[in-house]
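J.: For my numbering, add 289 to where a residue sits in the sequence shown, where the first one is 1. Following this message is one structure expressed as structure tokens.
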Amino acid sequence: TGAGRAPTHGEAAAPPEAGPSPSGPRPEPTLRQGEGSGPAAAPRRAPGPAGRPAAKAQRRRRHAVRLWADLEALWARCTTAWHFSRRSSLLFSKKPSLRGTPCEPERGIYPERISQGSSGSYFVKDPQGKIIGVFKPKNEEPYGQLNPKWTKWLQKLCCPCCFGRDCLVLNQGYLSEAGASLVDQKLELNIVPRTKVVYLASETFNYSAIDRVKSRGKRLALEKVPKVGQRFNRIGLPPKVGSFQLFVEGYKDADYWLRRFEAEPLPENTNRQLLLQFERLVVLDYIIRNTDRGNDNWLIKYDCPLDSAGVRDSDWVVVKEPIIKLAAIDNGLAFPLKHPDSWRAYPFYWAWLPQAKIPFSQEIKDLILPKISDPNFVKDLEEDLYELFKKDPGFDRGQFHKQIAVMRGQILNLTQALKDGKSPLHLVQMPPVIVETARSHQRTASESYTQSFQSRKPFFSWW
């Protein structure tokens with residue numbers, strides 16, 4: 290019965306009695322997180338077989354959200370955009386404002402697709418519904434993947450051998466539009482409406498089904514799970530890169546006015562204005578070698594005041610002179626990398642007009658010759674075009690040099706025609722020239738060029 294008796298077989302050892310320890314007082318035990326005496330403090334158990342799929346799905350969802358957030362952040366860093374919000378009109382910003390402040394949400398003002406033409410182009414409107422510009426996305430160009438017009442799709446399906454223009458770089462129409470505006474500004478022609486490369490997004494654009502599903506998914510995530518949706522850098526459809534050209538009011542197709550001028554001849558001074566404007570169009574088209582210049586894609590604005598608008602002074606009536614202006618639009622099929630030499634010649638249709646038979650005026654010579662005769666001016670023009678064209682993701686330096694070689698040849702012919710007093714008709718009959726940079730293993734202070742003539746002619750030649 291002593292305190293030191295060992296327990297016999299079948300007896301459980303009793304816990305030691307509380308008492309002073311021979312080595313001193315025993316420290317109080319500390320409870321860790323998750324420990325305790327009650328059922329709530331029971332140790333955490335690993336999820337059973339039934340809970341493992343749910344945990345895996347939750348981890349996958351978190352991983353997908355992080356992945357989307359990273360991709361959206363990368364896109365936001367690489368993109369500079371003018372963004373169309375779903376509920377807003379045009380928003381101008383240096384970076385895509387992904388959840389911008391709504392502007393005129395109740396009006397629903399969207400870009401409107403233009404029915405004419407062979408590509409997807411849109412009228413852009415301001416909050417008051419007034420047309421302010423024309424936007425042409427890159428991937429909706431005549432040979433783009435998302436071209437909404439069925440005519441080019443049918444041509445590609447039925448006549449693949451005749452699809453496209455082998456003298457042009459495909460899907461660079463938006464750069465050609467902006468490049469024509471750049472040349473117009475450098476030469477001070479002032480006939481091309483101001484055009485820039487921008488990024489726009491709108492529900493009325495032609496998007497793929499995948500882009501629309503992704504956009505709806507992000508909006509649903511923002512509505513249902515705001516914490517997840519707020520991590521997206523962009524809510525809505527992705528911006529499209531393209532050319533944005535300011536809209537010109539009061540202009541009609543040149544074909545309309547030219548037919549009317551045949552029946553109703555213009556006054557002498559007004560006809561002189563038309564001729565000077567026409568010469569500027571010739572200079573622009575020839576330098577950029579526009580392969581799509583018909584009488585339906587350049588415009589004329591003719592303001593003819595009525596007799597009642599005149600100012601009466603006793604027996605005299607002072608009538609204001611009519612004002613006539615030109616606008617060169619649809620410049621998306623220019624800057625070829627070679628002169629047309631396959632099936633079609635892609636002529637300048639203005640060459641058959643009566644104005645094309647008149648020699649160039651002294652006014653156009655004084656305006657253009659000092660510029661294009663200066664090698665430094667031509668070099669600056671090439672560098673400006675390079676800065677513009679290199680923005681394209683598919684930019685190829687070799688193709689760009691070929692485009693510039695064609696432009697140099699056009700400038701050379703134009704310079705000679707202006708000096709010799711030729712007419713636009715004689716200008717287009719000059720042999721096509723290519724001026725390339727000479728390759729040399731020795732470094733020189735100035736570049737040297739080689740001049741060559743293109744002997745091969747298209748199958749359907751126009752001369």
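Glycine included, C-beta positions come from ideal geometry on N, C-alpha and C.
1. Using 10 angstroms around the beta-carbon of VAL514, count the other beta-carbons present and answer buried if the total reaches 16, otherwise exposed.
2. Do SER491 and TYR575 count as a contact pair if the criterion is CB distance below 7 Å?
3. Pick helix, strand or coil for PHE684, following the three-state DSSP scheme.
4. Using the Cβ count rule (16 or more neighbours within 10 Å means buried), how would you classify TRP439?
5. TRP546 lies in the alpha helix (DSSP H); which residues open and close that run?
6. Once the 5 residues before and after LEU714 are set aside, which same chain residues still bring their CB inside 7 Å of it?
7. Just to confirm, is the Cβ distance from ALA616 to LEU588 under 7 Å?
8. Go through its chain and collect everything with a Cβ distance to LYS614's Cβ below 7 Å, but skip five positions before and after it.
9. How many Å lie between PHE373 and VAL571 at the Cα?
10. Excluding the 5 residues flanking ASP619 on each side, which residues of the same chain have their C-beta closer than 7 Å to its C-beta?
11. How is the beta strand (DSSP E) around LYS507 delimited, first residue to last?
12. Taking GLY683 as the reference, which of MET719, SER408, ASP415 and GLN461 has the closest Cα?
13. According to DSSP, is ALA623 helix, strand or coil?
14. Measuring only the C-alpha atoms, how far is LEU478 from SER712?
15. Just how far apart, CA to CA, sit ILE700 and ILE693?
16. Measure how close the beta-carbons of CYS456 and PRO625 come, nearest whole angstrom, since I'm counting them as under 8 Å.
17. Should THR484 and SER532 be called a contact, given that it needs their Cβ atoms to be closer than 7 Å?
18. Would you mind giving the Cβ-Cβ distance between ASN584 and TYR540, rounded to the nearest angstrom? I have them listed as a contact below 8 Å.
19. Comparing the C-beta of TYR675 with each C-beta of chain B, is any distance below 7 Å?
20. Are the CB atoms of PHE678 and LEU476 within a distance shorter than 7 Å?
21. According to the neighbour-count rule (16 or more other Cβ atoms, all chains shown, within 10 Å of its Cβ), is ARG294 buried or exposed?
22. Kindly indicate which residue of LYS680, GLN705, LYS427 and GLU672 has the alpha-carbon position closest to the one of GLN530.
23. Of the choices GLN743, ASN495, ILE612 and TYR635, whose alpha-carbon is the least far from that of VAL695?
24. On the DSSP letters alone, give me the boundaries of the beta strand (DSSP E) that LYS475 sits inside.
25. Just grab the DSSP bridge partners of PRO426 for me.
26. When you compare only the Cα positions, how much space is there between ASP592 and TRP546?
27. Report the three-state DSSP secondary structure of ARG520 (helix, strand or coil).
28. Does the Cβ of ALA543 have 16 or more other Cβ atoms within 10 Å, making it buried, or fewer, making it exposed?
29. May I ask which residues mark the beginning and end of the beta strand (DSSP E) holding THR484?
30. Which same chain residues end up closer than 6 Å to HIS628 when comparing Cβ atoms and leaving out the 5 residues on each side of it in sequence?
31. Which residue from GLU429, GLU725 and LEU573 puts its Cα closest to that of ILE661?
32. Please indicate yes or no: does the CB of ARG355 lie closer than 6 Å to some heavy atom of the ligand ZN?
33. Out of PHE649, PHE689, GLU672 and PHE666, which has the shortest C-alpha to C-alpha gap to ALA706?
34. Any idea if LEU459 is buried or exposed, counting beta-carbon neighbours within 10 angstroms, 16 or more meaning buried?
35. For GLN347 and VAL517, what's the separation of their Cα atoms in angstroms?
36. Give me, in chain order, the residues of the same chain whose beta-carbon lies closer than 7 Å to that of GLN562; leave out the 5 immediate sequence neighbours on both sides.
T.: This is what the structure holds:
1. Here residue 514 refers to the residue found at position 225 when the sequence shown is read from its first residue. Within a 10 Å sphere around the beta-carbon of VAL514 sit fewer than 16 other beta-carbons, which makes this residue exposed.
2. The count along the sequence shown starts at 1 and reaches residue 575 at position 286. The count along the sequence shown starts at 1 and reaches residue 491 at position 202. Result no, Cβ atoms of TYR575 and SER491 do not sit closer than 7 Å.
3. As a working note, residue 684 is residue 395 in the sequence shown. Residue state, collapsed to three classes: coil.
4. Here residue 439 refers to the residue found at position 150 when the sequence shown is read from its first residue. With a threshold of 16 other beta carbon atoms within 10 Å, TRP439 falls short and is exposed.
5. Taking the sequence shown and counting its residues from 1, one reaches residue 546 at position 257. 543 to 552 is the extent of the alpha helix (DSSP H) around TRP546.
6. In the sequence shown, counting from the first residue as 1, residue 714 sits at position 425. Taken in chain order, the residues that qualify are ALA640, ALA645 and LYS646.
7. Position 327 of the sequence shown, counting from 1, holds the residue named residue 616. Position 299 of the sequence shown, counting from 1, holds the residue named residue 588. Yes.
8. Here the question's residue 614 lines up with position 325 in the sequence shown. So the qualifying residues of the chain are GLN566 and LYS590.
9. As a first step, residue 373 must be located in the sequence shown, where it is residue number 84. As a first step, residue 571 must be located in the sequence shown, where it is residue number 282. For PHE373, the pLDDT reaches just 36, beneath the cut-off of 50, and the residue's location in the model is therefore unreliable, although a value from the coordinates is still provided. As the crow flies, the alpha-carbon of PHE373 is around 37 Å from that of VAL571.
10. What you label residue 619 is simply residue 330 of the sequence shown in a count that begins at 1. Cβ neighbours of ASP619 within its own chain (closer than 7 Å, five residues either side excluded): ASP581 and ASN586.
11. Along the sequence shown, read from residue 1 onward, the residue named residue 507 stands at position 218. Annotation for LYS507: no beta strand (DSSP E) segment contains it, though the alpha helix (DSSP H) segment containing it runs 498 to 513.
12. Locating residue 683 in the sequence shown gives position 394, where the first residue counts as 1. Ranking MET719, SER408, ASP415 and GLN461 by CA distance to the CA of GLY683 puts GLN461 first.
13. Here residue 623 corresponds to residue number 334 of the sequence shown, with the count starting at 1. Three-state result, ALA623: coil.
14. Here residue 478 corresponds to residue number 189 of the sequence shown, with the count starting at 1. Here residue 712 corresponds to residue number 423 of the sequence shown, with the count starting at 1. Answer to the nearest angstrom: the Cα atoms are 18 Å apart.
15. Within the sequence shown, the letter at position 411 stands for residue 700. Within the sequence shown, the letter at position 404 stands for residue 693. In a straight line, the C-alpha of ILE700 is about 10 Å away from that of ILE693.
16. Counting from 1 along the sequence shown, the entry for residue 456 is found at position 167. Counting from 1 along the sequence shown, the entry for residue 625 is found at position 336. Between CYS456 and PRO625 the beta-carbon gap is near 4 Å, inside 8 Å, which marks them as a contact.
17. As a first step, residue 484 must be located in the sequence shown, where it is residue number 195. As a first step, residue 532 must be located in the sequence shown, where it is residue number 243. Cβ distance < 7 Å, so THR484 and SER532 count as in contact.
18. Position 295 of the sequence shown, counted from the start, is the residue given in the question as residue 584. Position 251 of the sequence shown, counted from the start, is the residue given in the question as residue 540. Actually they do not touch by this definition, with Cβ atoms about 13 Å apart.
19. Of the chains in the structure shown, none is chain B; there is only one protein chain.
20. Translated into the one-based positions of the sequence shown, residue 476 becomes position 187. Translated into the one-based positions of the sequence shown, residue 678 becomes position 389. Cβ atoms of LEU476 and PHE678: not closer than 7 Å.
21. Here residue 294 is taken as the residue at index 5 of the sequence shown, counted from 1. A caution first: ARG294 carries a pLDDT of 48, below 50, which makes its placement in the model too unreliable to give a value.
22. As a first step, residue 530 must be located in the sequence shown, where it is residue number 241. Residue identity differs from the one stated: residue 530 is Val in this sequence, not Gln. For the options LYS680, GLN705, LYS427 and GLU672, the alpha carbon positioned closest to that of VAL530 is the one of LYS427.
23. As a position in the sequence shown, residue 695 is number 406, starting the count at 1. Cα-wise, what sits closest to VAL695 is GLN743.
24. Your numbering for residue 475 matches position 186 in the sequence shown. The continuous stretches of beta strand (DSSP E) do not include LYS475, which lies in the alpha helix (DSSP H) extending over residues 462 to 476.
25. Along the sequence shown, one-based indexing puts residue 426 at 137. DSSP lists GLY531 as partners of PRO426.
26. Taking the first residue of the sequence shown as position 1, residue 592 is located at position 303. Taking the first residue of the sequence shown as position 1, residue 546 is located at position 257. Rounded to the nearest angstrom, the two C-alpha atoms are 12 Å apart.
27. Start at 1 with the first residue of the sequence shown, and residue 520 comes out as number 231. Note: ARG520 maps to coil in three-state DSSP.
28. For this step, residue 543 is matched to residue 254 along the sequence shown. Residue burial annotation: ALA543 is buried, with at least 16 other C-beta atoms found within 10 angstroms of its C-beta.
29. Residue 484 sits at position 195 when you count from the first residue of the sequence shown. Segment 484 to 489, the beta strand (DSSP E) holding THR484.
30. For the purposes of this step, residue 628 is taken as the residue at position 339 of the sequence shown. A distance below 6 Å between beta-carbons, with the five flanking residues on each side excluded, links HIS628 to the following residues of its chain, in chain order: PRO721 and GLN743.
31. By 1-based counting over the sequence shown, the position of residue 661 is 372. Ranking the options by Cα distance to ILE661, first place goes to LEU573.
32. The model on display carries no ligand, and the ligand ZN is accordingly not part of it.
33. In the sequence shown, counting from the first residue as 1, residue 706 sits at position 417. Answer by Cα proximity: PHE649.
34. Numbered from its first residue, the sequence shown carries residue 459 at position 170. The residue is exposed, with fewer than 16 neighbouring Cβ atoms inside 10 Å.
35. By one-based count along the sequence shown, residue 347 stands at place 58. By one-based count along the sequence shown, residue 517 stands at place 228. Rounded to the nearest angstrom, the two C-alpha atoms are 13 Å apart.
36. Here residue 562 is taken as the residue at index 273 of the sequence shown, counted from 1. ILE613.
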